[in-house]
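A.B. asks: Structure provided below as structure tokens; questions to follow.
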Amino acid sequence: MFNVEQKKTFLNPISQKEKELFIHINNLQKASSLETIFSEKIYDAKKYTSSMVIHIIEYMQHQYFSDSYFQRYKNFKLDLKKLKGFYNKLITIVEEISNYDSKIGTKAKECLIDIYSTSFYGKKNYTKSFNVASKLGKLKDDKYKYYLGNHYYTGNGVKKNISIAKFYFKKSSLATGELSKYSTADLITILLEENNNNKEILKYLKIGSKKGLIKAKRELGIGYFLGLYGLKKSEKIAESLLKTAASEKYEKSRYILGQLYYYSNRKNNYNLAFEQFKIAAKKEQDPEAMYFLGEYYYFGIGSVKKNNKNAFYWFNKSAKYNHVNALIYAGWFYYNGITIKKDTKKAIRMYEVASEENDYVAIMNLGIHYFNSKQKSQNDKAYYYFYNASKIKDKDYNKDWPPINFKYDSFYYLAKCYNKGIGVKIDNNKALLELKKSTDSYSCFILGEIYYLGSSNHLEGVLVEPNLKEGSKYLAEASKLIKM
870 MFNVEQKKTF
880 LNPISQKEKE
890 LFIHINNLQK
900 ASSLETIFSE
910 KIYDAKKYTS
920 SMVIHIIEYM
930 QHQYFSDSYF
940 QRYKNFKLDL
950 KKLKGFYNKL
960 ITIVEEISNY
970 DSKIGTKAKE
980 CLIDIYSTSF
990 YGKKNYTKSF
1000 NVASKLGKLK
1010 DDKYKYYLGN
1020 HYYTGNGVKK
1030 NISIAKFYFK
1040 KSSLATGELS
1050 KYSTADLITI
1060 LLEENNNNKE
1070 ILKYLKIGSK
1080 KGLIKAKREL
1090 GIGYFLGLYG
1100 LKKSEKIAES
1110 LLKTAASEKY
1120 EKSRYILGQL
1130 YYYSNRKNNY
1140 NLAFEQFKIA
1150 AKKEQDPEAM
1160 YFLGEYYYFG
1170 IGSVKKNNKN
1180 AFYWFNKSAK
1190 YNHVNALIYA
1200 GWFYYNGITI
1210 KKDTKKAIRM
1220 YEVASEENDY
1230 VAIMNLGIHY
1240 FNSKQKSQND
1250 KAYYYFYNAS
1260 KIKDKDYNKD
1270 WPPINFKYDS
1280 FYYLAKCYNK
1290 GIGVKIDNNK
1300 ALLELKKSTD
1310 SYSCFILGEI
1320 YYLGSSNHLE
1330 GVLVEPNLKE
1340 GSKYLAEASK
1350 LIKM
């Protein structure tokens, strides 16, 4: 709410008329009906001094001219045309005030940037906004360079240029005040996205932390946790910073604090992590934390007892946020009817959603489902999924992960598709080529058998000239893979 004391920050002493208007506006904020908010006496813009005009226009913008409030106007007999006229008069006055070389003139320029950058009763005009920002950028106080940095960062009113944006944000970040904090926050975002200068990232993270930026504290916490940005790992410092960020409920800070405990060597670490994941999952609706709770209950981690019902609850809850691993786990529960009624259709839908993220396990689970189908129309879909899985470069996954429904890799199953004519014409030459791409011990064993004997019952129809040397090579590789 407006406060009479706020007027003391301006150059001119507060008048009795302005004091009454401040009280009036404060009362209006408490009003239940929009009809009482803009009484006749508020429409006479000429009766107010410079500072009052700015206060009124800021109030109107932020309280009643936002899109979320527009629908409310229809419920009241409010003269919107008259209100629009009053607002436009105020803009004209603010534009005049912005020419003053004074504190109130600077305030007016800031107000104009807000006006031109929003669509209250008119179109946005970023060019005008940029021109005003350029004037503010010439002031001695570098904090105002935030506005220029923001325009170059967003590309509003000027061609987007991250390098120039960084230049102005750096200047502003070394000043004081809220604008300086905004600059530091945006600069940190840019530097983290570029991720090519650890020294610079660390410098501004420390500046941001001193300014009280929670984002900076969290990133510093991660830095000390993982040893990033040239920092030496320090669990103690990381814990302190992440606790601060978590107390402010800043983006995933609670979950990251849980991760710190989870991978710590301290006593009772899993239980400490569980408590953080529980808070993040229940109070902050963090899907990563929900997933971890699912794993706690599935595997029985720390002092948490195994409980498939609870595990499914958290996997399923996390899956609603399209967490890929949670989708695979929840789908696996549905597919196999673990603690719940078997529902293959739901399982397939979950695998399909996860597969959209190009997840190898999800795609392979779909492939094996159709591969094992007794309906040829369904059976033929297997090739499509195995082929897509084979194109994924990063196939790093734990073969012992519970929700995996397949035994071998995509190349083995592609070889079977070519060998059996599943979704593709029978082609034993291609079957052999695909099998050679496989890194599974079983595939190496079949190749060893084929080359050693000239054929194999495991891939009927694939015939080669016996080659003992080649056969021995594959059998040795199979033995090596089994021992790994």
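Residue numbers for the sequence shown follow this note's numbering, beginning at 870 and rising by one. Glycine included, every Cβ here is placed at the ideal spot set by N, Cα and C. Here the structure is a predicted model, which means the values were calculated and not measured.
#1: Since Leu1111 contacts Gly1090 with CB under 8 Å, what's their CB separation in whole angstroms?
#2: How should Lys1175 be labelled, buried or exposed, when 16 other C-beta atoms within 10 angstroms of its C-beta is the threshold for buried?
#3: Return helix, strand or coil for Thr987, following the three-state DSSP convention.
#4: Using a threshold of 8 Å, state whether the C-beta atoms of Val1001 and Ile982 are closer than that.
#5: In whole angstroms, give me the CA-to-CA distance for Ser1109 and Ala1180.
#6: Could you check if Tyr933 is buried or exposed, using at least 16 other CB atoms within 10 Å of its CB as the buried criterion?
#7: In the stretch 1195-1242, which residue ranges form an unbroken alpha helix (DSSP H) of at least 4 residues, counting only runs that do not cross its ends?
#8: Quick one, are the C-beta atoms of Val1173 and Tyr1166 less than 8 Å apart?
#9: For Ile892 and Lys978, I'd like the C-alpha separation in whole angstroms.
#10: For Ile1059, which of helix, strand or coil comes out of DSSP?
#11: Out of Thr987, Ser986, Val963, which has the shortest C-alpha to C-alpha gap to Lys976?
#12: So Ile1083 and Tyr1093 are supposed to be a Cβ contact under 8 Å. How far apart are they, rounded?
#13: Identify which residue in Gly1024, Asp1055, Asn1025, Val1027 has its Cα closest to the Cα of Lys1035.
#14: Apart from the five residues on each side of it in sequence, which residues of its chain come closer than 6 Å, Cβ to Cβ, to Tyr1150?
#15: Pro1355: buried (16+ other C-beta within 10 angstroms of its C-beta) or exposed?
#16: Could you tell me the alpha carbon to alpha carbon distance between Tyr1132 and Asn1138, rounded to whole angstroms?
#17: Please look up how many angstroms separate the CB atoms of Arg1087 and Ser1122, rounded, as I've assumed it's under 8 Å.
#18: Please report the Cβ distance between Ser1380 and Ile1232, rounded to the nearest whole angstrom; I am assuming they are in contact, meaning their Cβ atoms lie under 8 Å.
#19: Between the stretch 1291-1300 and the stretch 1190-1200, can you find at least three pairs of beta-carbon atoms closer than 8 Å?
#20: Could you give the DSSP three-state label for Lys910: helix, strand or coil?
#21: Enumerate in chain order the residues of its own chain whose CB-to-CB distance from Glu1153 is below 7 Å, with the five nearest sequence positions on each side excluded.
#22: Quick one: grab the DSSP three-state call for Asn1140.
#23: Any idea if Ile1070 is buried or exposed, counting beta-carbon neighbours within 10 angstroms, 16 or more meaning buried?
#24: Which first and last residues belong to the alpha helix (DSSP H) in which Trp1270 is found?
#25: Does the beta-carbon of Phe1314 have 16 or more other beta-carbons within 10 angstroms, so that it is buried, or is it exposed?
#26: Which whole runs of the beta strand (DSSP E) in the stretch 1125-1193 are 3 residues long or more, in chain order?
#27: In this structure, does DSSP put Tyr1261 in helix, strand or coil?
#28: Between Gly954, Asp1010, Lys1250, which lies nearest to Ser865 when the distance is taken from Cα to Cα?
#29: Tell me the rounded alpha-carbon separation between Ile973 and Ile1059.
#30: In this structure, how does DSSP classify Ala1044 when only helix, strand and coil are distinguished?
#31: Please name the residue in Tyr1252, Val1230, Tyr1229 whose C-alpha comes closest to that of Tyr1239.
#32: Among Cys1286, Asp1228, Gln1244, which residue has its Cα nearest to the Cα of Ile1273?
#33: Excluding the 5 residues flanking Tyr1354 on each side, which residues of the same chain have their C-beta closer than 8 Å to its C-beta?
#34: Let me know if Gly1099 comes out buried or exposed under the rule of 16 or more other beta-carbons within 10 Å of its beta-carbon.
#35: Can you have a look at Lys1012 and say buried or exposed, based on whether 16 or more other CB atoms are within 10 angstroms of its CB?
C.D. replies: Let me lay it out:
#1: Within the sequence shown, numbered from 1, the residue matching residue 1111 stands at position 242. Within the sequence shown, numbered from 1, the residue matching residue 1090 stands at position 221. Sure, about 4 Å apart at Cβ, within 8 Å.
#2: Within the sequence shown, residue 1175 is the residue found at index 306, counting from 1. By the 10 Å Cβ count, Lys1175 comes out exposed.
#3: For this step, residue 987 is matched to residue 118 along the sequence shown. If DSSP states are grouped into helix, strand and coil, Thr987 belongs with coil.
#4: Walking along the sequence shown from the start, residue 1001 turns up at place 132. Walking along the sequence shown from the start, residue 982 turns up at place 113. Closer than 8 Å, so yes.
#5: Working through the sequence shown from its first residue, we reach residue 1109 at position 240. Working through the sequence shown from its first residue, we reach residue 1180 at position 311. Approximately 31 Å, taken between the alpha carbons.
#6: Mapped onto the sequence shown, residue 933 falls at position 64. Here Tyr933 scores only 45 on pLDDT, less than 50, and its place in the model should not be relied on; the value that follows carries that caveat. Burial call: buried.
#7: 1213-1224, 1229-1240
#8: As a first step, residue 1173 must be located in the sequence shown, where it is residue number 304. As a first step, residue 1166 must be located in the sequence shown, where it is residue number 297. Going by C-beta atoms, Val1173 is nearer than 8 Å to Tyr1166.
#9: Taking the sequence shown and counting its residues from 1, one reaches residue 892 at position 23. Taking the sequence shown and counting its residues from 1, one reaches residue 978 at position 109. Model confidence at Ile892 stands at a pLDDT of 46, short of 50, so the residue's coordinates are unreliable and nothing is read from them.
#10: Walking along the sequence shown from the start, residue 1059 turns up at place 190. Reduced to three states, the DSSP call for Ile1059 is helix.
#11: Your numbering for residue 976 matches position 107 in the sequence shown. It is Val963 whose Cα lies nearest to the Cα of Lys976.
#12: The sequence position of residue 1083 within the sequence shown is 214, counting from 1. The sequence position of residue 1093 within the sequence shown is 224, counting from 1. Not confirmed; about 16 Å, so no contact.
#13: Taking the first residue of the sequence shown as position 1, residue 1035 is located at position 166. Comparing Cα positions, the closest option is Asp1055.
#14: Within the sequence shown, residue 1150 is the residue found at index 281, counting from 1. Here residue 1150 is Ala; the residue named in the question, Tyr, does not match the sequence. Ala1158, Met1159, Leu1162, listed in sequence order.
#15: Because the chain is modelled from 870 through 1353, residue 1355 falls outside the range shown and cannot be assessed.
#16: Numbered from 1 along the sequence shown, position 263 holds the residue referred to as residue 1132. Numbered from 1 along the sequence shown, position 269 holds the residue referred to as residue 1138. About 8 Å.
#17: Taking the first residue of the sequence shown as 1, we reach residue 1087 at position 218. Taking the first residue of the sequence shown as 1, we reach residue 1122 at position 253. About 5 Å; that satisfies the 8 Å criterion.
#18: In the structure as shown, the chain starts at 870 and stops at 1353, and residue 1380 therefore has no counterpart that could be examined.
#19: no
#20: As a first step, residue 910 is located in the sequence shown; it is residue number 41 there, counting from the start. Its pLDDT being 44, under 50, Lys910 is placed unreliably by the model, and nothing is read from it.
#21: By 1-based counting over the sequence shown, the position of residue 1153 is 284. Lys1118, Arg1123, listed in sequence order.
#22: On the sequence shown, residue 1140 is found 271 positions in, with the first residue counted as 1. Here Asn1140 sits in helix by DSSP.
#23: One-based indexing of the sequence shown puts residue 1070 at position 201. Buried, because 16 or more other Cβ atoms sit within 10 Å of the Cβ of Ile1070.
#24: Reading the sequence shown from its first residue, position 401 is the one you call residue 1270. Per DSSP, Trp1270 belongs to no alpha helix (DSSP H) and is neither H nor E.
#25: To locate residue 1314, count along the sequence shown from 1; it is residue 445. Answer is buried; the Cβ neighbour count reaches 16.
#26: none
#27: As a position in the sequence shown, residue 1261 is number 392, starting the count at 1. Reading off the sequence, residue 1261 comes out as Ile, not Tyr. Coil, per DSSP.
#28: No information on residue 865 is available, as it lies outside the stretch 870 to 1353 that the chain covers here.
#29: Position 104 of the sequence shown, counted from the first residue, corresponds to residue 973. Position 190 of the sequence shown, counted from the first residue, corresponds to residue 1059. Going from the Cα of Ile973 to the Cα of Ile1059 covers about 32 Å.
#30: In the sequence shown, counting from the first residue as 1, residue 1044 sits at position 175. Correct three-state label for Ala1044: coil.
#31: Start at 1 with the first residue of the sequence shown, and residue 1239 comes out as number 370. If we check each option's Cα against that of Tyr1239, Tyr1252 comes out closest.
#32: One-based indexing of the sequence shown puts residue 1273 at position 404. Minimum Cα distance to Ile1273 is reached at Asp1228.
#33: Residue 1354 lies beyond the residue range present for the chain, which begins at 870 and ends at 1353; the question has no answer from this structure.
#34: The sequence position of residue 1099 within the sequence shown is 230, counting from 1. Its Cβ having fewer than 16 others within 10 Å, Gly1099 is exposed.
#35: Here residue 1012 refers to the residue found at position 143 when the sequence shown is read from its first residue. Its Cβ being crowded by 16 or more others within 10 Å, Lys1012 is buried.
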